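S.K.:
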Amino acid sequence: MNQFESLSRRAIEAPESGIVAVVNHGRLKPGLIPLWAGEGDEKTPEFIARPAAEALLAGETFYTWQRGIPELRQALADYHARLFGRQLPLDAFCVTGSGMQAIKIAVEAVTNPGDEVIQITPAWPNFAAALGMSGGVSVAAPLDYANGRWSIDPDRIANAITPRTRALFINTPSNPTGWTATREDLVAILDLARKHGLWIIADEIYTRFFYAGGRAPSFMDIMDDDDRIIFVNTFSKNWSMTGWRVGWIVAPPSIIQVLENSVQYQTSGVAQFMQKGALAALEHGEDYVEAQIAKATKARDLFCDALTGTNRVVTQKPDGAFYAFFRIDGVTDTKAAAIDIVDRAGVGLAPGTAFAEGGSTFLRACFLRRLDHVEEAAGRLADYISSL
Numbered sequence: 106m107n108q109f110e111s112l113s114r115r116a117i118e119a120p121e122s123g124i125v126a127v128v129n130h131g132r133l134k135p136g137l138i139p140l141w142a143g144e145g146d147e148k149t150p151e152f153i154a155r156p157a158a159e160a161l162l163a164g165e166t167f168y169t170w171q172r173g174i175p176e177l178r179q180a181l182a183d184y185h186a187r188l189f190g191r192q193l194p195l196d197a198f199c200v201t202g203s204g205m206q207a208i209k210i211a212v213e214a215v216t217n218p219g220d221e222v223i224q225i226t227p228a229w230p231n232f233a234a235a236l237g238m239s240g241g242v243s244v245a246a247p248l249d250y251a252n253g254r255w256s257i258d259p260d261r262i263a264n265a266i267t268p269r270t271r272a273l274f275i276n277t278p279s280n281p282t283g284w285t286a287t288r289e290d291l292v293a294i295l296d297l298a299r300k301h302g303l304w305i306i307a308d309e310i311y312t313r314f315f316y317a318g319g320r321a322p323s324f325m326d327i328m329d330d331d332d333r334i335i336f337v338n339t340f341s342k343n344w345s346m347t348g349w350r351v352g353w354i355v356a357p358p359s360i361i362q363v364l365e366n367s368v369q370y371q372t373s374g375v376a377q378f379m380q381k382g383a384l385a386a387l388e389h390g391e392d393y394v395e396a397q398i399a400k401a402t403k404a405r406d407l408f409c410d411a412l413t414g415t416n417r418v419v420t421q422k423p424d425g426a427f428y429a430f431f432r433i434d435g436v437t438d439t440k441a442a443a444i445d446i447v448d449r450a451g452v453g454l455a456p457g458t459a460f461a462e463g464g465s466t467f468l469r470a471c472f473l474r475r476l477d478h479v480e481e482a483a484g485r486l487a488d489y490i491s492s493l
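Numbering (our numbering), first residue to last: 106 to 493.
Here you go:
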């Protein structure tokens, strides 16, 4: 048995990201406009970076609170009170080393190897891969798609429930589709979870990017204190902090110690100087978030109008998040198409093959970028589509 074969099956079977494969192909192409990753093009603003740098230089480099420094957890509690009108105790929060780690911790807390988690698809691929590496099984509950719009049929979730189901993973607003659950959708999903004794892992990372105004509907609006819901979140999207890898969990206080134990055995906590930057984001970053939402709104309209104007693309403007998920007439192999678009159009897109059941014939573009780049990318894509 060679070195590779001696690795664990779960490690060997962890899939390579279908998005990264395209990124690796095109990342060095001169003049390429990268719309493939789920991030904007702005660096972290100074009002966040400076407090972190000052804390680093001041020597805040030692082990710290595993569940997060108290002042950051208080700021998170205040943020949730402002956003959702729900006052939560500090013991409901745990700071994590990214939203991805928050998801991994949540998965390991509610599943044993062999357990199933139902995931609404098309979906961001990392959840299913993280679940698989923990020995769980992802079960798809596909959205319905008609005339460019996505919608959920709660009966499809109900029909996917088996004796091995332990949780529902609900990402709304959705990456990649932009589908955003209505309050009625959330009520139906929560009723299913209560009926079957399931946990909900609620990924509401894009809740601020909701184009009807305000924020997206949330399980926070309808839940009771004894509901089995773990919220996973991140500082990445709202405050241009993707590279920082700082996130948080909101969960029933009765299980926070269990989640903190997972932090201990994975990272032993987030660096305190980085938490000072996250604190500044919460305390001083509301105007910045609102500016990002306004920017995304204009970019969404510009990009989607340009694509639909070709009469070869079926899509509608997403209700939430900051992605256009679209299908080009006649294109079926989207991984090959994404490579071709890099080579011929100089635009980086994510192939729909990366996004599980229901997404394989689509392409995803992140439009949270400066408007002249979005306009240029849309024009290049329109020319490419016209040449097919």
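For every residue, glycine included, the Cβ atom is placed at its ideal position computed from N, Cα and C.
Being a predicted model, the structure only gives us computed values, none of them experimental.
(1) Within 10 angstroms of the Cβ of Q192, are there 16 or more other Cβ atoms? Answer buried if so, exposed if not.
(2) If I'm right that P194 touches P358 with Cβ under 8 Å, what's the distance once you round it to whole angstroms?
(3) Considering only the alpha carbon of each residue, which of I275, R449, A119 and M379 lies closest to L295?
(4) By Cβ distance, which residues of its chain are closer than 7 Å to Q179, with the 5 residues on each side in sequence left out?
(5) Cα-Cα, which of L384, N252 and I117 is closest to I55?
(6) For a test of the three-state rule: what should DSSP assign to L112, helix, strand or coil?
(7) When DSSP builds the beta bridges, which residues end up paired with I354?
(8) Quick one: what's got a C-beta closer than 7 Å to R417's C-beta in the same chain, skipping five residues either side?
(9) Nearest to D488 by alpha carbon, out of L476, I225, V452 and T287?
(10) Out of F472, T285, D329 and A450, which has the shortest C-alpha to C-alpha gap to W141?
(11) Exposed or buried, which one is E369 when buried takes at least 16 other CB atoms within 10 Å?
(12) With distances taken Cα to Cα, identify the nearest neighbour of G253 among G484, G374, D424 and L407.
(13) Taking the continuous alpha helix (DSSP H) assigned at A442, which residues delimit it?
(14) Mind checking F167: buried by the 16 CB within 10 Å criterion, or exposed?
(15) Answer with buried or exposed for S111, where buried requires no fewer than 16 other C-beta atoms within 10 angstroms of its C-beta.
(16) DSSP beta-bridge partners for E118?
(17) Following the continuous beta strand (DSSP E) through P247, name the residue where it begins and the one where it ends.
(18) In whole angstroms, give me the CA-to-CA distance for P47 and A234.
(19) When you compare the region 322–339 with the region 349–367, are there three or more beta-carbon pairs, one atom per stretch, that lie closer than 8 Å?
(20) Determine the extent of the beta strand (DSSP E) in which R469 is found, giving its start and end residues.
(21) Starting from the Cα of W170, find the closest Cα among Q380, R405, K403 and A411 and give me that residue.
(22) For a test of the three-state rule: what should DSSP assign to N107, helix, strand or coil?
(23) In its own chain, which residues sit with a C-beta less than 7 Å from the C-beta of G283, not counting the 5 before and 5 after it?
(24) Between which two residues does the alpha helix (DSSP H) harbouring T285 extend?
(25) Under 8 Å, with one C-beta from each stretch per pair, do the region 404–417 and the region 443–450 reach the 3-pair mark?
(26) Can you tell me whether A171 is helix, strand or coil according to DSSP?
(27) Quick check on the DSSP output: the alpha helix (DSSP H) that includes R428 runs from which residue to which?
(28) Taking buried to mean at least 16 other C-beta atoms within 10 Å of its own C-beta, is L493 buried or exposed?
(29) Flag this pair as touching only if the region 341–350 and the region 181–190 have three or more C-beta atom pairs under 8 Å; answer yes or no.
(30) So A459 and T226 are supposed to be a Cβ contact under 8 Å. How far apart are they, rounded?
(31) Below 7 Å CB to CB, which residues in the same chain sit around R271 once its five sequence neighbours on both sides are set aside?
(32) Measure the C-alpha to C-alpha separation of R313 and N107 and round it to an integer number of angstroms.
(33) Alpha carbon to alpha carbon, how far is L162 from Q224? Give it in angstroms, no decimals.
(34) Please report the distance separating the alpha-carbon of P247 from that of P135.
(35) Residues in the same chain with beta-carbon distance under 7 Å from A160, minus the five sequence neighbours each way, listed in chain order, please.
(36) Find the nearest neighbour of E289 within the set D146, D326, A411 and A263, judged by alpha-carbon distance.
M.R.: Per the coordinate set shown:
(1) When all chains shown are included, Q192 counts as exposed.
(2) Correct: roughly 6 Å between the Cβ atoms.
(3) Just measuring C-alpha positions, the residue of I275, R449, A119 and M379 sitting nearest L295 is I275.
(4) Closer than 7 Å at Cβ, skipping near neighbours: L195.
(5) Shown here, the chain extends from 106 to 493; a query on residue 55 therefore has no answer.
(6) Reduced to three states, the DSSP call for L112 is coil.
(7) Beta-bridge annotation (DSSP): I354 is paired with C199 and V337.
(8) The beta carbon of R417 lies closer than 7 Å to those of I433, D434 and I490 in the same chain, with the five residues before and after it left out.
(9) Minimum Cα distance to D488 is reached at V452.
(10) Residue F472 is the option with its Cα nearest to W141.
(11) Strictly speaking, residue 369 in this sequence is Gln, with Glu absent from that position. Of the other Cβ atoms in all chains shown, fewer than 16 fall within 10 Å of the Cβ of Q369; this residue is therefore exposed.
(12) Considering only alpha carbons, the answer is D424.
(13) Unbroken alpha helix (DSSP H) run through A442: T439 to A450.
(14) Answer is exposed; the Cβ neighbour count stays below 16.
(15) Its Cβ having fewer than 16 others within 10 Å, S111 is exposed.
(16) The partner list for E118 (beta bridge, DSSP) is empty, contrary to what the question assumes.
(17) DSSP places P247 inside the beta strand (DSSP E), whose first and last residues are V242 to P247.
(18) Because the chain here runs from 106 to 493, residue 47 falls outside it and cannot be looked at.
(19) In short, these stretches touch, since the Cβ pair count reaches three.
(20) Looking at the DSSP string, the run of the beta strand (DSSP E) that includes R469 is L468 to C471.
(21) Among Q380, R405, K403 and A411, the Cα nearest to that of W170 is on Q380.
(22) In the structure shown, the three-state DSSP call for N107 is coil.
(23) Answer for G283: P423, D424, G425, A426, Y428 and F430, listed in chain order.
(24) Counting along the chain, T285 falls outside any alpha helix (DSSP H), and DSSP gives it neither H nor E.
(25) These segments do not touch.
(26) Note on residue identity: the sequence assigns Gln, not Ala, to residue 171. Residue state, collapsed to three classes: coil.
(27) First, the residue type needs correcting, since residue 428 is Tyr and not Arg in the sequence shown. No alpha helix (DSSP H) holds Y428; the beta strand (DSSP E) holding it covers Y428 to I433.
(28) Taking a 10 Å sphere around the C-beta of L493, we find fewer than 16 other C-beta atoms and assign the residue as exposed.
(29) Not touching, per the Cβ criterion.
(30) Rounded, the Cβ-Cβ distance is 12 Å, inconsistent with contact.
(31) For R271, where only same-chain residues beyond five positions count, the Cβ hits under 7 Å are V215, T216, D220, E221, V222, L303 and W304.
(32) Rounded to whole angstroms, the separation of the alpha carbons of N107 and R313 is 49 Å.
(33) Distance between the alpha carbons of Q224 and L162: 43 Å.
(34) The straight-line gap from Cα to Cα measures roughly 38 Å.
(35) Closer than 7 Å at the Cβ level, and outside the excluded window around A160, lie Q377, F378 and K381.
(36) Ranking the options by Cα distance to E289, first place goes to D326.
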